[in-house]
Amino acid sequence: MAATVDSGGPGGPILSVAPMLAVTNTHFRNFMRCLTREAQLWTEMVTDGAILNNMDRLQQNLRLEDIEHPIVCQLGCFGAALMKTPELVRDIVHEIGRQVQIPVTVKTRIGYDYYDSFDVLRNFVQGVDPKRNRSVPPLLYGRVYNLCDQFPDLDFTLNGGVTSIQEAIDLAAGKWTDGTTEMDALLRRITRDKTVQPLRGVMLGRAASNDPCILGSVDTDFYGASANPPSSHSRRTVLEAYGDYLKPFAEDGGYSLFALLKPVLGVLNGMPGHRLFRFTLDHLMRDKSRAWTAEEILSYTMTAVDDAFPGVLEYPLRCPKPCRYDELSSKGEANGV
Numbered sequence: 001m002a003a004t005v006d007s008g009g010p011g012g013p014i015l016s017v018a019p020m021l022a023v024t025n026t027h028f029r030n031f032m033r034c035l036t037r038e039a040q041l042w043t044e045m046v047t048d049g050a051i052l053n054n055m056d057r058l059q060q061n062l063r064l065e066d067i068e069h070p071i072v073c074q075l076g077c078f079g080a081a082l083m084k085t086p087e088l089v090r091d092i093v094h095e096i097g098r099q100v101q102i103p104v105t106v107k108t109r110i111g112y113d114y115y116d117s118f119d120v121l122r123n124f125v126q127g128v129d130p131k132r133n134r135s136v137p138p139l140l141y142g143r144v145y146n147l148c149d150q151f152p153d154l155d156f157t158l159n160g161g162v163t164s165i166q167e168a169i170d171l172a173a174g175k176w177t178d179g180t181t182e183m184d185a186l187l188r189r190i191t192r193d194k195t196v197q198p199l200r201g202v203m204l205g206r207a208a209s210n211d212p213c214i215l216g217s218v219d220t221d222f223y224g225a226s227a228n229p230p231s232s233h234s235r236r237t238v239l240e241a242y243g244d245y246l247k248p249f250a251e252d253g254g255y256s257l258f259a260l261l262k263p264v265l266g267v268l269n270g271m272p273g274h275r276l277f278r279f280t281l282d283h284l285m286r287d288k289s290r291a292w293t294a295e296e297i298l299s300y301t302m303t304a305v306d307d308a309f310p311g312v313l314e315y316p317l318r319c320p321k322p323c324r325y326d327e328l329s330s331k332g333e334a335n336g337v
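For the sequence shown, position 105 matches number 105 in full-length UniProt numbering, and the numbering has no gaps at all.
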């Protein structure tokens, strides 16, 4: 879950793609921008040692393009033990805040080892800085809403276990319950009481990596934009847009084929042709008989899917996934395609 520093204005809830080790690098973030222009992205979880001990790979580790904004820079990670010393965390946040003119957040767990009660979590949030926003990832959603109630001056973002955009929309609006009357009453109070801030946002983690096409309608469904990016219409348009991004890397040997193509592995998740798509990508990445470029591998793989499963790549992202290939046309027609 997260609580954020002053956002600079009221605004609506934010949907973020959480920082993930060996996932949310520059290639993944550029791929995300083929699906959504509005979702907030985070940089990869990288330790300081990975930067300081690999100065010859600064471009690979820290590369950033303008299109990746809005983006949050993930500083540090793997520091759950800091929950034992909220005063130290407060000092760190204060010093960072003195050095930058952008919002600062604290991303933390809801517990650590035996420090796993709501009182410990509440005291940690209070000890860090009761005037700031910060980040706290939860699996127990009730604790997040409790924090919203007890710290109305803070904005919290929920992270953990969210698997769909509709679920994110519902959670941001407080449409959740653990089945207890106490929680139902709390949520009614939070959503009614204007002095209590709603969730500042919701984070998607592995769902964005495993099934990235769920973000194809984020801009309209979550943010209320008039349209989604043209590249997010279908899996073909997404892959073609990412293929354009890959072209310059044909002359750049600084990135492995796997690093460049990993972001697209889940594009056909739950769709006919998913296994063929992944198998062909993997086979060509391992093929040493010729010097494949990442863009060539992606193009060849798309052709293989077209030959075996015609129409799959054209199927609009906004339509429900067909369970079987023979349902492809009927589901598309039912949704006005």
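Glycine included, each C-beta is placed from N, C-alpha and C at the ideal position.
Handout entry: Cβ separation of residue 229 and residue 36, assumed to be a contact under 8 Å, to the nearest whole Å
Key = Indeed they touch by this definition, with Cβ atoms about 7 Å apart.
Problem - Closest Cα partner of residue 276 within the set 328, 232, 303 - result: From the listed residues 328, 232, 303, the smallest Cα separation to residue 276 is found for 303.
Handout entry: Cutoff 7 Å; reference residue 163; Cβ partners in own chain excluding five residues on either side
Key = Correct list, in chain order: 207.
Handout entry: Alpha-carbon to alpha-carbon, residue 42 and residue 89
Key = If you draw a straight line from the Cα of residue 89 to the Cα of residue 42, it comes to about 20 Å.
Problem - Beta carbon of residue 145 nearer than 8 Å to that of residue 204 - result: Cβ atoms of residue 145 and residue 204: not closer than 8 Å.
Exercise for the section: State the DSSP-derived secondary structure class of residue 202, mapped to helix, strand or coil. Expected result: The DSSP-derived three-state label of residue 202 is strand.
Handout entry: Boundaries (first-last residue) of the beta strand (DSSP E) holding residue 280
Key = First-last for residue 280: 274–286, but that is the alpha helix (DSSP H), not the beta strand (DSSP E).
Handout entry: CB of residue 238 within 8 Å of CB of residue 272, strictly
Key = No, they are not a contact pair.
Problem - Close Cβ partners of residue 62 (< 6 Å) along its chain, the five nearest in sequence each way excluded - result: Around residue 62: no qualifying Cβ.
Problem - Candidates 213, 261, 328, 286: closest to residue 299 by CA position - result: Cα-wise, what sits closest to residue 299 is 261.
Handout entry: Span of the beta strand (DSSP E) around residue 105
Key = Per DSSP, residue 105 is not a residue of any beta strand (DSSP E), being assigned neither H nor E.
Exercise for the section: May I have the straight-line CA-CA distance separating residue 274 from residue 314, to the nearest angstrom? Expected result: Rounded to the nearest angstrom, the two C-alpha atoms are 14 Å apart.
Handout entry: Segment limits, alpha helix (DSSP H) that includes residue 169
Key = Segment 165–172, the alpha helix (DSSP H) holding residue 169.
Practice task
Let me know if residue 51 comes out buried or exposed under the rule of 16 or more other beta-carbons within 10 Å of its beta-carbon.
Solution key: Classification for residue 51: exposed.
Problem - Host alpha helix (DSSP H) of residue 191 (start-end) - result: Unbroken alpha helix (DSSP H) run through residue 191: 181–192.
Problem - Close beta carbons around residue 23, own chain, < 6 Å, minus the five adjacent residues each side - result: If you ignore the 5 residues before and after residue 23, its C-beta comes within less than 6 Å of the C-beta of 209, all in its own chain and listed in chain order.
Problem - Beta-carbon gap between residue 213 and residue 317 smaller than 8 Å - result: In this structure, residue 317 lies closer than 8 Å to residue 213 by Cβ.
Exercise for the section: Mind checking which residues open and close the beta strand (DSSP E) that includes residue 156? Expected result: Counting along the chain, the unbroken beta strand (DSSP E) around residue 156 starts and ends at 155–159.
Problem - From 57, 169, 215, residue whose alpha carbon lies closest to that of residue 269 - result: The residue from 57, 169, 215 with its alpha-carbon nearest to that of residue 269 is 215.
Practice task
Compare the C-alpha of residue 198 against each of 294, 151, 125, 166 and name the closest.
Solution key: Comparing Cα-Cα distances from residue 198 to each of 294, 151, 125, 166, the minimum goes to 151.
Practice task
For residue 291, count neighbouring C-beta atoms within 10 Å of its own C-beta (all shown protein chains included) and say buried if the count is 16 or more, exposed if not.
Solution key: Around the C-beta of residue 291, fewer than 16 other C-beta atoms lie within 10 Å, and the residue is accordingly described as exposed.
Exercise for the section: Throw me the rounded Cβ distance for the residue 142 and residue 184 pair, which I believe falls under 8 Å. Expected result: Here residue 142 is actually not in contact with residue 184; their C-beta atoms are around 11 Å apart, not less than 8 Å.
Problem - Range covered by the alpha helix (DSSP H) that runs through residue 299 - result: Note, residue 299: alpha helix (DSSP H), 294–308.
Exercise for the section: Closer than 6 Å by C-beta to residue 247: which residues in its own chain qualify, once you throw out the five before and the five after it? Chain order, please. Expected result: Excluding sequence positions up to five before and after residue 247, its CB lies within less than 6 Å of the CB of 295, all in the same chain and listed in chain order.
Practice task
Using DSSP bridges, identify the partner residues of residue 72.
Solution key: Beta-bridge pairing links residue 72 to 42.
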